[in-house]
Amino acid sequence: MTIKEIAKKALNHFKSRGYIFTPSEYEEIFCKIAKQYGVIIDDCNKIAKYLSKLDSKYQAIAKNYNIKNLDELLVFLINYINRENTSKEKESIEQLFLYVKRALDVIAILPIVKSKKIALKHLDFIKPYMEKEEYEKLRQEWIDFLDLFDASIVRRGAAYAGIKSEDALEVIDALIKRIEEGPDLSHLIDAIIYTLTPSYAPFMDDDIAMLKKQLQEDPTIILTKAFADDLRILTNKRIKLDKDELKQKLKDLDQIAERISIKIVRMLQKTAGSSKEIKIIADEIRNWRHEGQDFESIKEKLLTIAVSIDKELDEFSEEMKREDNEIERLKEKIKYLEKKVKKLSKEVKTDFLTNIANKKAIMEELKRQESSFKRYGTNYSVVFFDIDHFKNINDTYGHDAGDVILKSLGLLFKRYARDVDMIGRFGGEEFVAILPNTNIDGACKFAEKLRKIVEKTKFMYKNTRINVTVSGGVASRNETNSMDETLKLADERLYKAKRSGRNRIVCS
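In the working numbering, the protein residues as written are 1 to 508.
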């Protein structure tokens, strides 16, 4: 479409309405029709062209005014020119410049060499009304400094000082205080005593008690060379005592094995058809000199004897089977009784439902820990757990469901306990954990961990999920005067947890 055609359409627009138009109104309709037919006319884009030349600040403001012609543009510019206050802007720039200088003054006295150098350099260089490129150069130096600056050293220092802070000055004060106070080595005392305690030979009580007393009076001796020498001597003594004790036990084992072997040989000698082989075995046993031999040698000898005897017993056993069926019946009965005895022996210390330690086994372990505490001062802790609202579970889902919950908890507790810990069922819905060489803090963390695990575990009975929580009370032996008081304190804290709303651990 041509300009002439566009002009004609614009005139028809006003003519059809009987309207007498102004030049600006004609221009508006003319440009609208040109845009409608995709005709680009420079005069129609004057406003956009002029607006594009404005500062970005004024362009953003002008968008909200929908400026259509030059008159509106002039009114807009006059309004904003009248609003400008150059003296106030100048004052603002001067105040900003002074503020930047003060900030650089502060940075220049901070104990960070790199930032100090940059601040001093910029103080000499900075001035009002600098060029954009000059400001960009200064700004880039600070960006480079931040890229290389590693603030994690403050967090590492805070962790070492034992505080939570990101204030460098606060961390430095805490580190200086820690250095002046010296390291806390008291937590190593029980570990050192535990390491020196013999595994077999109970003959170092006096030495260990003396060493523990010295460490309790002054834990810093751990850092001395003299202590390292003493520790090496005591460790060697413990190893020697254990070796001597084990050697004696092996010697006793050797003698027992020999007596048993001789009895078996004599029994075989009474049977027919084995004289030649039995004589060879007997001669080998008689010529065996066990003195001075180690455990592996004894084991090899016993294996050799066992293989030889097994060969002879094969023929003997077949003969017995053929001659006397009654022996076979008795052997089966003996096997049955052995299994029953083994099961009964296990059940004496095992809870029949949960297959973990019962109350008797728990009390025996407590007595053993109490003996170690009295002899060496090795601490231990006790945790009582109790299933919350267990009666409701039995009433709602039945006693079979309650049994499933008890058995599942027993397996769960046993899985997350250490090898040295003992966890057992104390009775009803109550469980007890005995934690050797563990203080109150460690026991509380252990109890809280198990509480959270139980809370998150899905307990199922006949395709029905049962929500289970436990409450717990924790006590440490060094808080009380006896084993019974420790049990009582843990039990009191358990009931405190239940009175406080359940599903929680109480440690104090």
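Yeah, the Cβ is synthetic: ideal placement off N, Cα and C, and Gly gets one too.
By the criterion of at least three beta-carbon pairs nearer than 8 Å, the segment 129–138 is not in contact with the segment 147–157. Of the candidates 49, 464, 3, 489, 464 places its Cα closest to the Cα of residue 397. Per the coordinates, the alpha-carbon of residue 22 lies some 50 Å from the alpha-carbon of residue 130.
Here DSSP, grouped into helix, strand and coil, assigns residue 54 to coil. Taken in chain order, the whole beta strand (DSSP E) runs of length 3 or more contained in the segment 394–445 are 422–427, 430–436.
The shortest C-alpha to C-alpha distance from residue 411 to any of 374, 356, 391 is the one to 356.
In the structure shown, residue 486 falls within a helical segment according to DSSP collapsed to helix, strand and coil. In the DSSP assignment, residue 384 falls within the beta strand (DSSP E) that extends over 380–387.
Check the Cα spacing between residue 383 and each of 368, 405, 442: the tightest is with 442. The beta carbon of residue 7 lies closer than 8 Å to those of 30 in the same chain, with the five residues before and after it left out.
The beta carbons of residue 435 and residue 380 sit closer together than 8 Å. A direct Cα-to-Cα measurement between residue 350 and residue 174 gives close to 52 Å.
For residue 461, there is no enclosing alpha helix (DSSP H); the enclosing beta strand (DSSP E) covers residues 459–461.
Within its own chain, the residues whose Cβ lies closer than 8 Å to the Cβ of residue 177, once the five positions on either side in sequence are excluded, are 161, listed in chain order. Taking one beta carbon from each stretch, the segment 417–426 and the segment 464–475 have fewer than 3 pairs nearer than 8 Å; the two do not touch.
Residue range 113–125 is occupied by the alpha helix (DSSP H) that includes residue 115. A Cβ-Cβ contact shorter than 8 Å links residue 405 with residue 459. Here DSSP, grouped into helix, strand and coil, assigns residue 220 to helix. Residue 193 sits close to residue 376, with the two beta carbons spaced by under 8 Å. With distances taken between CA atoms, residue 477 lies nearest to 440 out of 440, 493, 34, 454. The segment 69–79 and the segment 31–49 touch, with three or more beta-carbon pairs separated by less than 8 Å.
Contact check for residue 480 against residue 489 passes: the beta carbons are separated by less than 8 Å. Relative to residue 188, the option among 255, 107, 438 whose CA is nearest is 438. In the displayed model, residue 10 falls within a helix according to three-state DSSP. Where residue 151 is concerned, there is no enclosing alpha helix (DSSP H), because DSSP gives it neither an H nor an E. In this chain, the alpha helix (DSSP H) harbouring residue 375 covers 359–376.
Cβ-Cβ distances below 8 Å link residue 211 to 192, 193, 196, 230, 234 in the same chain, with the five nearest sequence neighbours on each side left out; the list follows chain order. In the three-state reduction of the DSSP assignment, residue 92 falls in the helix class, which pools H, G and I.
In the structure shown, residue 41 falls within a coil segment according to DSSP collapsed to helix, strand and coil.
Between residue 121 and residue 107, the C-beta spacing is not below 8 Å. In chain order, 424, 432 place their CB closer than 6 Å to the CB of residue 362, counting only its own chain and leaving out the 5 sequence neighbours on each side.
Taking residue 39 as the centre and dropping the five residues before and after it, the same chain places the C-beta of 1, 3, 6 closer than 8 Å to its C-beta, in chain order. Taking all protein chains in view, the Cβ of residue 500 is surrounded by fewer than 16 other Cβ atoms within 10 Å, so the residue is classified as exposed. Here residue 214 has 221 as same chain residues with Cβ atoms under 8 Å from its own Cβ, once five neighbours each way along the sequence are excluded. Secondary-structure assignment with DSSP links residue 476 through a beta bridge to 381.
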